[in-house]
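**Student:** The numbers in the UniProt record's numbering rise by one with no breaks, and the one at position 126 of the sequence shown is 126.
Ideal placement from N, C-alpha and C gives every residue a C-beta, glycine not left out.
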Amino acid sequence: MTDHATTAEGTPAGKPTSASRTTLSHIMTASETNLLGTVHGGVIMKLADDAAGAVAGRHSEGPAVTASMDEMVFLEPVRVGDLVHVRAQCNWTGRSSMEIGVRVMAERWNESTPETQVGSAYLVFTAIDEDGKPRTVPPVIPETERDERRYQEAQIRRTHRLARRRAIRELREHRQAEGIDAA
Ligand SMILES: CC(C)(COP(=O)(O)OP(=O)(O)OC[C@H]1O[C@@H](n2cnc3c(N)ncnc32)[C@H](O)[C@@H]1OP(=O)(O)O)[C@@H](O)C(=O)NCCC(=O)NCCS
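Take a look at the structure:
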């Protein structure tokens, strides 16, 4: 694992979005289809996880694990022979976590049309040390207006994720305390 460059205060120096942006490309094969003959959603999810993992590893300069994946959206079916490009970038960073945005594009093998967006997702990766414990990541530095918008939207998703987790935990604790659900 590489040591991060640090500021005078000892916190990791920021890294621009472009330093870790990644595209993973893959030609879809017949072994990746569902019963309808189009590409299985799980195959696309794995590609999204792979591309996001590459971004998280690049940004944090070391190992990072998938903590969550949300808002996976499938907009159009992907077909055998399509060339799929999974474009991923670090939208936001916390102390040890990073939100990675993924956009899935397809070039249709039998059409000379521009690539079509077929899906998108947001994944949270947590950087970990040798003991599997969360470690600090450098803050991401948005470079363009679009990066800045994505940063702000990621902050909203982060707030909602934490609020949802807290609300569900409190509900479960309340039901257990009332004796409604067994521990
Ligand atoms: C992700 C993991 C490292 C978090 O460890 P933890 O001891 O719960 O650590 P914390 O609660 O301190 O969370 C660390 C960071 O991850 C974030 N995080 C943890 N769980 C999360 C979740 N479900 N969704 C979003 N973010 C999450 C926290 O918000 C925190 O972010 P911050 O440091 O930027 O504020 C741990 O749960 C783990 O190892 N999970 C398994 C990961 C894995 O194996 N993935 C592959 C799937 S097979």
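#1: Following a CB-centred definition, is Ala48 positioned closer than 6 angstroms to any heavy atom of ligand 1?
#2: Mind checking whether Glu143 and Ser20 have CB atoms under 7 angstroms apart?
#3: Taking the C-alpha atoms as reference points, what is the distance between Asp129 and Val65?
#4: Who pairs with Tyr151 in a beta bridge, going by DSSP?
#5: Just to check my reading of the structure: Leu83 and Gln117 have Cβ atoms closer than 8 angstroms, yes? What is that Cβ distance to the nearest angstrom?
#6: Establish whether the CB of Pro142 and some CB of chain B are separated by less than 7 angstroms.
#7: What residue range is occupied by the uninterrupted beta strand (DSSP E) comprising Arg87?
#8: For the pair the stretch 43-61 and the stretch 98-113, tell me if three or more CB-CB distances fall below 8 angstroms.
#9: Is it buried or exposed, Asp147, if we count other Cβ atoms within 10 angstroms and call 16 or more buried?
#10: Examine ligand 1 and report whether any of its heavy atoms sits within less than 6 angstroms of the Cβ of Arg95.
#11: So, Pro139 versus Gly62, is the Cβ gap smaller than 7 angstroms?
#12: To the nearest angstrom, how far is it from the Cα of Ala51 to the Cα of Ile44?
#13: Would the beta-carbon of Val86 fall within 7 angstroms of that of Leu47?
#14: For Glu71 and Ala106, which I take to be in contact (beta-carbon distance under 8 angstroms), what is that distance rounded to the nearest angstrom?
#15: Looking only at its chain, what residues have a beta carbon closer than 8 angstroms to the beta carbon of Ile180, apart from the 5 residues adjacent to it on each side?
#16: Buried or exposed for Ala127, going by 16 or more other Cβ atoms inside 10 Å?
#17: Please name the residue in Glu32, Tyr151, Ser31 and Arg79 whose C-alpha comes closest to that of Trp109.
#18: Have a look at Thr29, Ser112 and Arg166 and flag the residue whose alpha-carbon is nearest the alpha-carbon of Gly81.
**Tutor:** Let me spell this out:
#1: Between ligand 1 and the CB of Ala48, the shortest heavy atom gap is not smaller than 6 angstroms.
#2: In this structure, Ser20 does not lie closer than 7 angstroms to Glu143 by Cβ.
#3: C-alpha separation (whole angstroms): 11 angstroms.
#4: Paired residue(s): none; Tyr151 is not in a bridge.
#5: Beta-carbon to beta-carbon, Leu83 and Gln117 are separated by about 14 angstroms, too far to satisfy the 8 angstroms threshold.
#6: Absent here is chain B; the protein component of the structure consists of one chain.
#7: Segment Leu83 to Thr93, the beta strand (DSSP E) holding Arg87.
#8: Verdict: yes, contact present.
#9: Result: buried.
#10: Result yes, Cβ under 6 angstroms from ligand 1.
#11: For Pro139 and Gly62, no; Cβs fall outside 7 angstroms.
#12: Cα to Cα, Ala51 sits roughly 11 angstroms from Ile44.
#13: Yes, the pair counts as a contact, with Cβ atoms nearer than the cut-off.
#14: Contact doesn't hold; Cβ gap of about 19 angstroms is too wide.
#15: No residues qualify anywhere along the chain.
#16: It is buried - the Cβ of Ala127 has at least 16 other Cβ atoms within 10 Å.
#17: Checked all of Glu32, Tyr151, Ser31 and Arg79; the closest Cα to Trp109 is Arg79.
#18: Among Thr29, Ser112 and Arg166, the Cα nearest to that of Gly81 belongs to Thr29.
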